[in-house]
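Below is one structure; the comments refer to it alone.
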Amino acid sequence: MIWPIAILVGLVVFGSVYWLKPSPRDTRLAALRLDAIKRKLHVRQYTFKPDSAKTGIRDAFTGTNYTLMDPKPKKRDSGELLWRVVGQQGWDNDGLPEGLAWHDQGSEQDAQLVTRLVKELPDDLLLLEVYSNRVTMMPAENKTANAAAYEAFLTEILNSVVHS
Numbered sequence: 086m087i088w089p090i091a092i093l094v095g096l097v098v099f100g101s102v103y104w105l106k107p108s109p110r111d112t113r114l115a116a117l118r119l120d121a122i123k124r125k126l127h128v129r130q131y132t133f134k135p136d137s138a139k140t141g142i143r144d145a146f147t148g149t150n151y152t153l154m155d156p157k158p159k160k161r162d163s164g165e166l167l168w169r170v171v172g173q174q175g176w177d178n179d180g181l182p183e184g185l186a187w188h189d190q191g192s193e194q195d196a197q198l199v200t201r202l203v204k205e206l207p208d209d210l211l212l213l214e215v216y217s218n219r220v221t222m223m224p225a226e227n228k229t230a231n232a233a234a235y236e237a238f239l240t241e242i243l244n245s246v247v248h249s
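For the sequence shown, the working numbering assigns the number 86 to the initial residue and increments by one for each residue that follows.
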């Protein structure tokens with residue numbers, strides 16, 4: 086009678102510990118985010134709520150934001166939003182690749198820059214925000230994602246838009 090109880094207790098303890106083990110996806114995302122932090126990117130969870138009446142972009146979405154701050158900000162920089170691109174269908178997609186839409190309109194040069202850089206990004210882009218003192222992106226974090234590509238993407242935009 087003691088053997089079945091001992092086996093049952095062992096299975097309960099083993100099952101509880103095994104259940105706490107992170108999945109392979111969680112392990113991959115943790116490594117990706119840690120690598121991004123080591124590369125001086127700010128990582129945080131964020132829910133974006135679009136202005137549906139203004140843009141035609143309907144769905145709010147939650148994801149992980151990667152932000153690169155300007156290492157040499159101008160004095161008294163308020164962090165004004167310059168432009169924003171969303172990875173959903175919207176009414177205004179002038180000059181952008183298919184699947185992307187403007188939420189806050191940028192220039193033709195901004196559209197060309199986004200079109201060129203999105204082709205090089207090994208991940209899908211859900212959101213890209215360019216401020217006067219930082220650049221923020223929300224990628225899909227697919228299996229092909231890597232922090233070095235995120236850093237290169239954000240640095241290129243920061244140098245092209247903010248420092249021009």
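Note that CB positions come from ideal geometry on N, CA and C, so glycine has one too.
message = Quick check on DSSP: helix, strand or coil for Leu185?
response = coil
key: Beta-bridge pairing of Pro224 - partner residues as DSSP gives them   = Beta-bridge partners assigned by DSSP to Pro224: Leu210.
inquiry  = If you reduce the DSSP assignment to three classes, tell me which class Gly100 lands in.
reply    = Of the three classes helix, strand and coil, the one that applies to Gly100 here is helix, per DSSP.
message = I need the straight-line Cα distance from Pro158 to Asn218, nearest angstrom please.
response = 6 Å
message = Using a Cβ-Cβ cutoff of less than 8 Å, which residues in the same chain neighbour Thr140 once the five nearest sequence positions on both sides are dropped?
response = Val171, Gly175, Trp176, Asp177, Ala186, Trp187 and His188
request  = Leaving aside the five residues before and after Leu212 along the sequence, list all residues of the same chain whose C-beta is less than 6 Å from its C-beta, in chain order.
outcome  = Closer than 6 Å at the Cβ level, and outside the excluded window around Leu212, lie Phe133, Val171 and Met223.
Where the beta strand (DSSP E) containing Val246 begins and where it ends = Here Val246 belongs to no beta strand (DSSP E), and DSSP marks it neither H nor E.
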